[in-house]
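K.L.:
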Amino acid sequence: IFDPHYENYLPGLALCGAQPIFQSLREPDWGIDGEKLRRAFSRKPKAILVNTPANPSGKVFSREELQTIGHLCQAHGTYVITDEIYEHIVFDGLEHIRMASLPGMWERTVTISGCSKTYSVTGWRVGYVVAPSGLMGAIRKVHDYMTVAAPTPFQIAAIQALHLPDAYYQELSASYQKQRDFLLQAFAELSLPVYRPSGAYYMMLRIDGLGYENDEALAMALVEKAGLAVVPGSSFYHRPEEGRNKIRICFAKGWDTLVEVKERFARFVDASS
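Counting from 19, one number per residue, gives the positions in the sequence shown under my numbering.
Here it is, written out as structure tokens:
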């Protein structure tokens, strides 16, 4: 599992008795360290979890990175579990590459995605898994005992959404990229360093110069003094100290809200200086 990671992964791993092996992505572009990854594979992991585009970093794994992971998986008999829930939110002309589409990877890839992010229906909890037939029996069994049944009316609505034209997905990415760019410029004007996301709708912000002890203290101050809710960066790392100098911001908001966020951040930074 790569750090930083979506915080719900670890409880899921604990529920199934898995022992995670962590790999830190390199800042500031969140690249993989091929040599460290090869050493980790020497421990014969059963599976590797790849989230692309990633929450919280906005990392989009390149074809070359996925090929490196794929070659290691084939060499060591390792499965890949890909979380591709943000597959249609990719910026700057980049391409979302599906691990299962790479040579030799269909047989050992479990692809997870859903409707929540692409169609803005997070409360519906409609998702899907694509995997080789030999794995689906176990997946269906676990699904049955965890959820009993999916919400049928929402599934019917999701089928209609899946037939939307390509133009919908192009506009989706373009719209979120405009929102990303707006906040990147806003934080640049405030001299606040930001990790530029390549996909999804989050960005991580460095907080070193704001005068707070850590990410949790700053997050609480933003709520109390500016009415802004962010997520402490430490919640995305298995070693919390690696995220103490970061916060995560979600920019999947209306334009009026984003303008207000810019203004409130400016007042907060001014008051903190």
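Glycine residues also receive a C-beta, built at the ideal position from the N, C-alpha and C atoms.
Being a predicted model, the structure only gives us computed values, none of them experimental.
#1: Along the beta strand (DSSP E) that carries R266, what are the first and last residues, could you check?
#2: Whose C-beta lies closer than 6 Å to the C-beta of F172 among residues of the same chain, with five residues either side of it excluded?
#3: Is the beta carbon of N26 less than 7 Å from the beta carbon of A218?
#4: My assumption, with CB atoms under 8 Å, is that R224 sits in contact with N263. Please give the rounded CB distance.
#5: What is the C-beta distance between P22 and F254, in whole angstroms, given that I count them as a contact (C-beta under 8 Å)?
#6: Among T165, A235, I130, which has the Cα closest to the Cα of P150?
#7: Once the 5 residues before and after Y97 are set aside, which same chain residues still bring their CB inside 6 Å of it?
#8: Should T70 and F59 be called a contact, given that it needs their Cβ atoms to be closer than 7 Å?
#9: Go to T127, then tell me how far its beta strand (DSSP E) extends in each direction, as first and last residue.
#10: Would you call the CB atoms of Y43 and F20 closer than 7 Å?
#11: Please state whether DSSP places D226 in a helix, a strand or coil.
#12: Report the partner residues of V277 according to the DSSP bridge assignment.
#13: Identify which residue in E83, R158, I99 has its Cα closest to the Cα of L31.
#14: Going by DSSP, what residue range makes up the beta strand (DSSP E) through L67?
#15: By how many angstroms is the C-alpha of A284 removed from the C-alpha of P169?
#16: For E53 and H89, I'd like the C-alpha separation in whole angstroms.
#17: Since I265 contacts D233 with CB under 8 Å, what's their CB separation in whole angstroms?
#18: For the putative contact between V249 and L240, defined by C-beta atoms under 8 Å, what is the C-beta separation to the nearest angstrom?
#19: I115 and L84 look like a contact to me (Cβ under 8 Å); what is the Cβ gap, rounded to whole Å?
#20: Quick one: residues in its chain with C-beta nearer than 6 Å to the C-beta of G229, no 5 flanking neighbours on either side, listed in chain order?
#21: With distances taken from CA atoms, which of G245, E278, E207, A156 is nearest C34?
P.N.:
Let's see:
#1: If you number the sequence shown from 1, residue 266 lands on position 248. Start and end: 264-268.
#2: Locating residue 172 in the sequence shown gives position 154, where the first residue counts as 1. Short of 6 Å from the beta carbon of F172, and not among the five residues preceding or following it, lie these beta carbons of its own chain, in chain order: W142, V144.
#3: Here residue 26 corresponds to residue number 8 of the sequence shown, with the count starting at 1. Here residue 218 corresponds to residue number 200 of the sequence shown, with the count starting at 1. 7 Å or more divides the Cβ of N26 from the Cβ of A218.
#4: Numbered from its first residue, the sequence shown carries residue 224 at position 206. Numbered from its first residue, the sequence shown carries residue 263 at position 245. The C-beta distance from R224 to N263 rounds to 6 Å, short enough to meet the 8 Å contact threshold.
#5: Taking the sequence shown and counting its residues from 1, the one referred to as residue 22 is at position 4. Taking the sequence shown and counting its residues from 1, the one referred to as residue 254 is at position 236. At roughly 4 Å, the Cβ-Cβ gap stays under 8 Å, so P22 and F254 are in contact.
#6: Numbered from 1 along the sequence shown, position 132 holds the residue referred to as residue 150. Sorting T165, A235, I130 by C-alpha distance to the C-alpha of P150 places I130 at the top.
#7: The residue given as residue 97 occupies position 79 in the sequence shown. So the list reads A65, R126, once near-sequence residues are dropped.
#8: Translated into positions along the sequence shown, residue 70 becomes position 52. Translated into positions along the sequence shown, residue 59 becomes position 41. In this structure, F59 does not lie closer than 7 Å to T70 by Cβ.
#9: As a position in the sequence shown, residue 127 is number 109, starting the count at 1. From DSSP, the beta strand (DSSP E) with T127 extends over 127-132.
#10: The residue given as residue 43 occupies position 25 in the sequence shown. The residue given as residue 20 occupies position 2 in the sequence shown. It is Leu, not Tyr, that sits at residue 43 in the sequence shown. In terms of Cβ geometry, L43 and F20 form a close pair [threshold 7 Å].
#11: The sequence position of residue 226 within the sequence shown is 208, counting from 1. DSSP places D226 in helix when its eight states are reduced to three.
#12: Position 259 of the sequence shown, counting from 1, holds the residue named residue 277. Answer by DSSP bridge pairing: none, since V277 is not bridged.
#13: Stepping through the sequence shown from its first residue, residue 31 is reached at position 13. Of the candidates E83, R158, I99, the one whose C-alpha sits nearest the C-alpha of L31 is I99.
#14: Stepping through the sequence shown from its first residue, residue 67 is reached at position 49. Start and end: 65-69.
#15: One-based indexing of the sequence shown puts residue 169 at position 151. One-based indexing of the sequence shown puts residue 284 at position 266. P169 and A284 have their C-alpha atoms roughly 43 Å apart.
#16: By 1-based counting over the sequence shown, the position of residue 53 is 35. By 1-based counting over the sequence shown, the position of residue 89 is 71. Straight-line Cα distance between these residues: approximately 13 Å.
#17: Position 247 of the sequence shown, counted from the first residue, corresponds to residue 265. Position 215 of the sequence shown, counted from the first residue, corresponds to residue 233. The Cβ separation is near 6 Å, so the contact holds.
#18: Reading the sequence shown from its first residue, position 231 is the one you call residue 249. Reading the sequence shown from its first residue, position 222 is the one you call residue 240. Under the criterion of beta carbons closer than 8 Å, V249 and L240 do not qualify as touching, at roughly 11 Å.
#19: Along the sequence shown, read from residue 1 onward, the residue named residue 115 stands at position 97. Along the sequence shown, read from residue 1 onward, the residue named residue 84 stands at position 66. Rounded, the Cβ-Cβ distance is 6 Å, consistent with contact.
#20: As a position in the sequence shown, residue 229 is number 211, starting the count at 1. Only S290 meet the Cβ criterion.
#21: Indexing the sequence shown from 1 puts residue 34 at position 16. Scanning G245, E278, E207, A156 for the CA closest to the CA of C34 turns up A156.
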